[in-house]
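Colleague: After the structure tokens below, expect a handful of questions from me.
In the working numbering, the protein residues as written are -13 to 246.
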């Protein structure tokens, strides 16, 4: 089963980083966000990826073209130019890097991939700027059971603000908003059937608007409720929080120790 990762947006809210590279290439612990996401799927046995490129897509192409070189020990025969790689990579992935237009919307990027994906049946889709510890195999099993066109992973939004109570001007208590108290939102990590392409007419289609709304009205959109870790990287604060989790050695999206 192929996994599509949307990696073409401008990332304007993280402009400190995205002026020079696409948002999925912003590093957490020295590793691009995109690679963290791929490793999550690969741990569950899904290692066939389609990366939907757009803004600064050449940066992503260059990174993966040189991935083997960057990650391996080398022996170079200068006389012939031959290079021998002496460290086997654990990432045995297939990655299709496809330009889906610099200005395409989320549904538009998927629309451009129809010819590739429709003949292959069920596929997965997620955003290139969010990390989670979703059980992908359980997600797929849930989708298979309900037999609808689309599954979205529902998550609780992360706490961003503290709540305070007052005694006059004095702060009587301060408490970080609990994540579970915020309801449910779209966390990405979709499983989709080819029939969803009937809801994606052109490049200007925003997946999260009319397509998902129409699927919901038709009874074709189901929610897989994920109670665990989920964190988008929308701002510098989000990036810094993810890096702090990485440095602590307790990055929830990495699975068991040794998966880093």
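Here a beta-carbon is modelled for each residue, glycine too, at the ideal position from N, C-alpha and C.
Quick check: residue 175 and residue 112, are their CB atoms within less than 8 Å of each other?
Modeller: Here residue 175 corresponds to residue number 189 of the chain shown, with the count starting at 1. Here residue 112 corresponds to residue number 126 of the chain shown, with the count starting at 1. Closer than 8 Å, so yes.
Colleague: With respect to the alpha helix (DSSP H) encompassing residue 237, which residues constitute its N-terminal and C-terminal limits?
Modeller: For the purposes of this step, residue 237 is taken as residue 251 along the chain shown, with counting starting at 1. Run containing residue 237: none; DSSP gives neither H nor E here.
Colleague: Would you call the segment 122 to 131 and the segment 71 to 79 touching, i.e. three or more CB-CB distances under 8 Å?
Modeller: They do not touch, by the three-pair rule.
Colleague: Suppose only complete runs of 3+ residues qualify. What are the beta strand (DSSP E) ranges in the segment 174 to 226, listed by chain order?
Modeller: Entirely contained in the segment 174 to 226, the beta strand (DSSP E) runs reaching 3 residues are, in chain order, 176 to 178, 207 to 211, 216 to 218.
Colleague: Within its chain, find whatever has a CB closer than 7 Å to the CB of residue 16; leave out the 5 residues flanking it on each side and keep chain order.
Modeller: Along the chain shown, read from residue 1 onward, the residue named residue 16 stands at position 30. Closer than 7 Å at Cβ, skipping near neighbours: no residue.
Colleague: Can you say whether residue 299 is buried or exposed, counting buried as having 16 or more other CB atoms within 10 angstroms of its CB?
Modeller: The question about residue 299 has no answer here: the residues shown for the chain are numbered -13 through 246.
Colleague: By the 10 Å Cβ neighbour count, where 16 or more other Cβ atoms means buried, how is residue 105 classified, buried or exposed?
Modeller: Locating residue 105 in the chain shown gives position 119, counting from the first residue. Exposed, since its Cβ has fewer than 16 Cβ neighbours within 10 Å.
Colleague: Taking the Cβ atom as the reference point for each residue, do residue 91 and residue 191 lie within a distance shorter than 8 Å?
Modeller: Taking the chain shown and counting its residues from 1, one reaches residue 91 at position 105. Taking the chain shown and counting its residues from 1, one reaches residue 191 at position 205. Yes, they are a contact pair.
Colleague: Whole alpha helix (DSSP H) runs in the segment 36 to 62 with 4 or more residues, listed along the chain?
Modeller: As far as the segment 36 to 62 is concerned, its whole alpha helix (DSSP H) runs of at least 4 residues are 43 to 51, 53 to 57.
Colleague: Spatial neighbours of residue 233 within its chain, please: C-beta separation below 8 Å, excluding the five flanking residues on both sides.
Modeller: Here residue 233 refers to the residue found at position 247 of the chain shown. Excluding residues within five positions, the ones whose Cβ falls inside 8 Å are 15.
Colleague: Within this structure, are the beta carbons of residue 118 and residue 216 separated by less than 8 Å?
Modeller: Position 132 of the chain shown, counted from the first residue, corresponds to residue 118. Position 230 of the chain shown, counted from the first residue, corresponds to residue 216. Cβ distance < 8 Å, so residue 118 and residue 216 count as in contact.
Colleague: State buried or exposed for residue 204, treating a residue as buried only when at least 16 other CB atoms are found within 10 Å of its CB.
Modeller: Against the chain shown, residue 204 aligns to sequence position 218. Exposed.
Colleague: Pick out whichever of 19, 227, -2, 1 has its Cα sitting closest to the Cα of residue 144.
Modeller: Against the chain shown, residue 144 aligns to sequence position 158. If we check each option's Cα against that of residue 144, 227 comes out closest.
Colleague: When you compare each of -10, -6, 9 to residue 33 by their alpha carbons, which one comes out closest?
Modeller: Within the chain shown, the letter at position 47 stands for residue 33. Nearest C-alpha to residue 33: -10.
Colleague: Taking only three categories from DSSP, how would you classify residue 93?
Modeller: Working through the chain shown from its first residue, we reach residue 93 at position 107. Residue 93 falls in the helix class under three-state DSSP.
Colleague: Keeping to the same chain, check which residues put their C-beta closer than 6 Å to that of residue 57; ignore five residues upstream and five downstream.
Modeller: Residue numbering aside, residue 57 sits at position 71 when the chain shown is read from its first letter. These residues qualify, in order along the chain: 75.
Colleague: How long is the line joining the alpha carbons of residue 130 and residue 239, rounded to whole angstroms?
Modeller: Position 144 of the chain shown, counted from the first residue, corresponds to residue 130. Position 253 of the chain shown, counted from the first residue, corresponds to residue 239. Going by the C-alpha atoms only, they are around 24 Å apart.
Colleague: Run the CB neighbour count on residue 158, radius 10 Å, all protein chains shown included, and call it buried at 16 or more, exposed below.
Modeller: Residue mapping note: residue 158 aligns to position 172 of the chain shown, counting from 1. Residue confidence is low: residue 158 scores 43 on pLDDT, short of 50, so the model does not pin down where it sits. No coordinate-derived value is stated.
Colleague: Looking only at C-alpha atoms, which of 65, 200, 85 sits nearest to residue 44?
Modeller: One-based indexing of the chain shown puts residue 44 at position 58. It is 85.
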